[in-house]
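Visitor: This is the structure, below, for whatever I ask next.
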Amino acid sequence: MLAGLSDRLPGLALADISGALGFSHDGASWLNTAYSAGELSVMPFATWCAITFSLRRFHMWMLGSTLVLAAILPFLHALPVMIFVRAIQGFTAGALIPLLMMSALRFLPLSIRLHGLALYAMTATFAPNIALWLASLAVDQLSDWHWIYWIMIPPGILAFLLVAWGIPIMPPVLPRMKQGNWFGMAFGIPGLSLLVIGLDQGVRLDWFNSPLICAAFLCAAVLCTIFIISEWFHPTPFIRLQLLERRNLWLGFILFICLLVIMSTAVVLPATILEHIQGFRLPQVASLGLMVGLPQLVVGPLVALLLYQPWVDARKTFVLGLLCIALSCWLNTRITDQWMTAQFTTSVLLQMIGQPLAIISLLFLATSVVQPMEGPFVSGIINTLRAAGTVFGAALIEQISYLRGSFHSEMLLNNLGSRWPETSSSVSTGQVAEWISQQSALLSTADIYYIFTFVTLLLIPGVLCLKYIPAPRLPANTPPAASAPASPSTTASNG
Numbered sequence: 003m004l005a006g007l008s009d010r011l012p013g014l015a016l017a018d019i020s021g022a023l024g025f026s027h028d029g030a031s032w033l034n035t036a037y038s039a040g041e042l043s044v045m046p047f048a049t050w051c052a053i054t055f056s057l058r059r060f061h062m063w064m065l066g067s068t069l070v071l072a073a074i075l076p077f078l079h080a081l082p083v084m085i086f087v088r089a090i091q092g093f094t095a096g097a098l099i100p101l102l103m104m105s106a107l108r109f110l111p112l113s114i115r116l117h118g119l120a121l122y123a124m125t126a127t128f129a130p131n132i133a134l135w136l137a138s139l140a141v142d143q144l145s146d147w148h149w150i151y152w153i154m155i156p157p158g159i160l161a162f163l164l165v166a167w168g169i170p171i172m173p174p175v176l177p178r179m180k181q182g183n184w185f186g187m188a189f190g191i192p193g194l195s196l197l198v199i200g201l202d203q204g205v206r207l208d209w210f211n212s213p214l215i216c217a218a219f220l221c222a223a224v225l226c227t228i229f230i231i232s233e234w235f236h237p238t239p240f241i242r243l244q245l246l247e248r249r250n251l252w253l254g255f256i257l258f259i260c261l262l263v264i265m266s267t268a269v270v271l272p273a274t275i276l277e278h279i280q281g282f283r284l285p286q287v288a289s290l291g292l293m294v295g296l297p298q299l300v301v302g303p304l305v306a307l308l309l310y311q312p313w314v315d316a317r318k319t320f321v322l323g324l325l326c327i328a329l330s331c332w333l334n335t336r337i338t339d340q341w342m343t344a345q346f347t348t349s350v351l352l353q354m355i356g357q358p359l360a361i362i363s364l365l366f367l368a369t370s371v372v373q374p375m376e377g378p379f380v381s382g383i384i385n386t387l388r389a390a391g392t393v394f395g396a397a398l399i400e401q402i403s404y405l406r407g408s409f410h411s412e413m414l415l416n417n418l419g420s421r422w423p424e425t426s427s428s429v430s431t432g433q434v435a436e437w438i439s440q441q442s443a444l445l446s447t448a449d450i451y452y453i454f455t456f457v458t459l460l461l462i463p464g465v466l467c468l469k470y471i472p473a474p475r476l477p478a479n480t481p482p483a484a485s486a487p488a489s490p491s492t493t494a495s496n497g
């Protein structure tokens with residue numbers, strides 16, 4: 003949750019931060035890009051480092067560093083320095099997310115592992131949505147943009163104490179340092195960072211019309227290709243790509259990326275369009291995030307319990323979740339300039355149900371073909387794809403919005419041009435421009451929802467192609483210790 007809040011909160015309040023510090027919009031946008039670049043670049047390597055330096059020690063170092071950086075960021079008023087520190091914070095916070103999944107696969111017995119995966123799913127269903135309310139709390143109720151960074155410190159301290167108390171002390175396995183694929187890492191970190199820069203800044207800089215974006219994508223393609231090839235052939239890789247030969251993994255990860263892109267329309271897109279057409283601020287749209295985020299504390303564990311029932315097919319619960327999300331998107335295609343927060347309630351509630359049904363079912367189907375000692379490798383892969391999918395989804399929606407908005411603006415101007423002599427006497431040019439801006443934004447938003455309704459339905463055949471996995475069940479007379487995953491020492495020697 004801390005990693006999700008560290009990413010989402012400053013992005014939601016970027017206008018307040020840049021206004022308070024006198025940054026331009028273009029310059030301030032690099033704060034988010036730097037964080038995302040740091041986050042993605044660490045994902046493939048975090049679990050390997052956790053095993054090498056011990057999970058407890060590495061987790062506490064990354065968590066503590068994230069909190070320290072959050073404490074000092076508001077006191078840094080130079081944009082280049084803030085960009086650098088945000089990149090480091092993305093690196094430290096991004097390392098936390100793979101550790102959560104690795105711990106669930108490594109330590110939790112089958113009888114409760116699904117509940118651990120439900121907690122991991124909240125990194126996609128809870129934290130990003132609750133961030134909308136926390137951002138409004140910091141900016142409008144506490145009336146101080148500094149709290150955008152500081153508000154995550156209290157839960158972070160609690161998490162630090164829980165890690166110190168709950169994770170067993172294990173010795174580091176420093177001989178693994180000689181086995182690391184350092185050649186691959188030297189290409190992977192800059193390659194993934196440049197990929198994020200290309201995706202995150204692409205719309206603003208007009209993609210391949212910008213030399214910077216062209217150079218970023220070209221270098222990212224070369225560096226990431228070298229990294230992938232070196233990982234494939236290295237005897238002790240950071241992420242074991244050969245695992246993707248299993249159908250539930252390669253197909254499941256494709257579905258996962260698509261799902262992350264679709265889920266990005268749940269709360270942020272309604273909040274953005276309401277801000278544009280109604281002039282709403284964060285407090286007026288925060289309820290949308292709460293309606294999706296808060297129930298996850300109950301819905302997530304309930305979905306996990308459902309998947310434990312022997313009569314439940316996880317593929318069907320996955321499809322049910324997709325149908326809820328598709329219906330939510332379709333309802334929003336009817337958006338008009340009269341819509342307020344209340345008009346989004348039904349679609350948001352469908353997202354609240356559909357997201358955990360889809361995500362937790364997917365995680366169960368994908369990770370059930372993985373042995374405990376393979377957990378660190380799978381965690382690195384899925385979280386790398388998760389971070390990349392989130393950045394790609396934001397760029398895709400922004401690009402579709404730009405293209406469709408431009409198209410609708412042209413059509414509206416052409417239609418209005420033929421009747422301009424009749425209306426010019428009663429309507430000012432400024433009013434016409436504002437009306438065209440609002441209507442083109444509404445129409446492009448409706449187009450986005452039409453597209454994602456169709457894409458969501460297209461995922462259903464892919465879900466049905468996944469291998470059936472029966473509900474996990476422990477033998478009735480087997481003690482818990484006998485059914486638990488491999489011991490930490492065994493996992494360390496194999497991971």
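For the sequence shown, the numbering used here assigns the number 497 to the last residue and increments by one with no breaks. Here a beta-carbon is modelled for each residue, glycine too, at the ideal position from N, C-alpha and C. Predicted, not measured: the structure shown is a model, and the values here were computed from it.
(1) Is DSSP giving Asp-146 helix, strand or coil here?
(2) Under 6 Å from any heavy atom of the ligand MN, does the C-beta of Gly-182 make it?
(3) For Ser-266 versus Gly-92, is the C-beta distance shorter than 7 Å?
(4) Nearest to His-410 by CA position, among Ile-450, Ser-381, Ala-222, is which residue?
(5) Give the list of continuous alpha helix (DSSP H) stretches no shorter than 4 residues that lie fully inside the segment 295-319.
(6) Tell me whether the beta-carbon of Tyr-306 lies closer than 7 Å to the beta-carbon of Ala-120.
(7) Specify the secondary structure class of Thr-347 as computed by DSSP and reduced to three states.
(8) Check whether the Cβ atoms of Ile-132 and Gly-291 lie closer than 7 Å to each other.
(9) I need the straight-line Cα distance from Ala-218 to Ser-212, nearest angstrom please.
(10) Determine, using beta carbons only, whether His-148 and Pro-76 come nearer to each other than 7 Å.
(11) How big is the Cα-Cα spacing for Gln-502 and Thr-238?
(12) Just reading off the alpha helix (DSSP H) that Asn-131 is part of, what are its end residues?
(13) Rounded to the nearest angstrom, what separates Leu-71 and Val-83 at their Cα positions?
(14) Alpha carbon to alpha carbon, how far is Ile-99 from Thr-125?
(15) Quick one: what's got a C-beta closer than 6 Å to Trp-50's C-beta in the same chain, skipping five residues either side?
(16) Give me the residue from Asp-208, Val-300, Trp-437, Pro-192 with the minimum Cα distance to Ala-36.
(17) Which full runs of the alpha helix (DSSP H) of 4+ residues lie inside the segment 178-212, going along the chain?
(18) Which same chain residues end up closer than 7 Å to Leu-23 when comparing Cβ atoms and leaving out the 5 residues on each side of it in sequence?
(19) Let me know if Trp-135 comes out buried or exposed under the rule of 16 or more other beta-carbons within 10 Å of its beta-carbon.
(20) Could you please give the first and the last residue of the uninterrupted alpha helix (DSSP H) stretch that includes Met-103?
(21) From the DSSP output, in three-state form, read off Ile-327 for me.
(22) Near Gln-280, which residues of its chain fall below 6 Å by C-beta distance, leaving aside the five closest residues on each side in sequence?
(23) Exposed or buried, what is Ser-408 when buried is set at 16 or more other beta-carbons lying within 10 Å of its beta-carbon?
(24) Taking Gly-327 and Gln-353 to be in contact with their CB atoms under 8 Å, please state how far apart those CB atoms are, rounded to whole angstroms.
(25) Between the beta-carbon of Ala-161 and the beta-carbon of Ile-150, is there less than 7 Å?
(26) Taking the alpha carbon of Thr-386 as the point to measure from, which residue in Leu-243, Met-342, Met-62, Val-205 has its own alpha carbon closest?
(27) Just to confirm, are Asp-202 and Val-393 a CB contact at a threshold of 7 Å?
(28) In terms of residue numbering, what span does the alpha helix (DSSP H) encompassing Ala-15 cover?
(29) Does any residue of chain B have a CB that is nearer than 7 Å to the CB of Ser-195?
(30) Mapping DSSP to helix, strand and coil, what is Trp-341?
(31) Between Ile-264 and Thr-458, which are expected to be in contact by the criterion C-beta below 8 Å, what is the C-beta distance as a whole number of angstroms?
(32) Taking the alpha-carbon positions, what's the Gly-204 to Val-198 distance?
(33) Could you tell me the distance, in whole angstroms, from the CA atom of Asp-460 to the CA atom of Leu-251?
(34) Give me the Cβ distance between Thr-447 and Leu-276, rounded to the nearest whole Å; I'm assuming they're in contact under 8 Å.
(35) Can you grab the Cα-Cα spacing for the pair Arg-406 / Ile-337, in whole Å?
(36) Kindly confirm or deny that the segment 353-369 and the segment 9-21 touch, where touching means at least three C-beta pairs closer than 8 Å.
Guide: Working from what's here:
(1) For Asp-146, the secondary structure class from DSSP, reduced to helix, strand or coil, is coil.
(2) The ligand content of the structure shown is nil, which means the ligand MN is not present either.
(3) Contact flag unset, no.
(4) If we check each option's Cα against that of His-410, Ile-450 comes out closest.
(5) Counting only runs of 4 or more, we get 298-309.
(6) Going by the sequence as given, residue 306 is Ala instead of Tyr. In terms of Cβ geometry, Ala-306 and Ala-120 form a close pair [threshold 7 Å].
(7) Helix, per DSSP.
(8) Yes, these two residues count as a Cβ contact at 7 Å.
(9) The straight-line gap from Cα to Cα measures roughly 10 Å.
(10) The Cβ atoms of His-148 and Pro-76 lie closer than 7 Å to each other.
(11) In the structure displayed, the chain extends from 3 to 497; residue 502 sits before or after that span and is not available.
(12) Following the DSSP letters along the chain, one finds Asn-131 inside the alpha helix (DSSP H) bounded by residues 129-138.
(13) Taking C-alpha positions only, Leu-71 is separated from Val-83 by approximately 12 Å.
(14) Whole-angstrom Cα-Cα distance: 8 Å.
(15) If we look at Trp-50 and ignore the five residues flanking it on each side, its Cβ neighbours are Phe-240.
(16) For Ala-36, the closest alpha carbon among the candidates Asp-208, Val-300, Trp-437, Pro-192 is that of Pro-192.
(17) Within the segment 178-212, the complete alpha helix (DSSP H) runs of at least 4 residues fall at 184-204.
(18) Closer than 7 Å at Cβ, skipping near neighbours: His-79.
(19) Buried, since its Cβ has 16 or more Cβ neighbours within 10 Å.
(20) The continuous alpha helix (DSSP H) containing Met-103 extends over residues 98-109.
(21) In the structure shown, the three-state DSSP call for Ile-327 is helix.
(22) Excluding sequence neighbours, Gln-280 sits near nothing in its chain.
(23) Its Cβ having fewer than 16 others within 10 Å, Ser-408 is exposed.
(24) The sequence shown places Ile at residue 327, rather than the Gly named in the question. Indeed, because the Cβ distance is near 6 Å, the residues count as touching under 8 Å.
(25) Not a contact, by the Cβ cut-off of 7 Å.
(26) For Thr-386, the nearest C-alpha among the options comes from Leu-243.
(27) Cβ distance < 7 Å, so Asp-202 and Val-393 count as in contact.
(28) Membership of Ala-15 in any alpha helix (DSSP H) is not indicated, and neither H nor E is assigned to it by DSSP.
(29) Although the question refers to chain B, the structure presented lacks it and comprises just one protein chain.
(30) Looking at Trp-341 - three-state DSSP - the assignment turns out to be coil, as it is neither helix nor strand.
(31) Confirmed, about 6 Å.
(32) In this structure, the alpha-carbon of Gly-204 lies about 9 Å from that of Val-198.
(33) What sits at residue 460 in the sequence shown is Leu, not Asp. Taking the straight line from one Cα to the other gives about 19 Å.
(34) Contact annotation, Thr-447 with Leu-276: C-beta distance approximately 10 Å; criterion of less than 8 Å not satisfied.
(35) About 15 Å.
(36) In short, these stretches do not touch, since the Cβ pair count stays below three.
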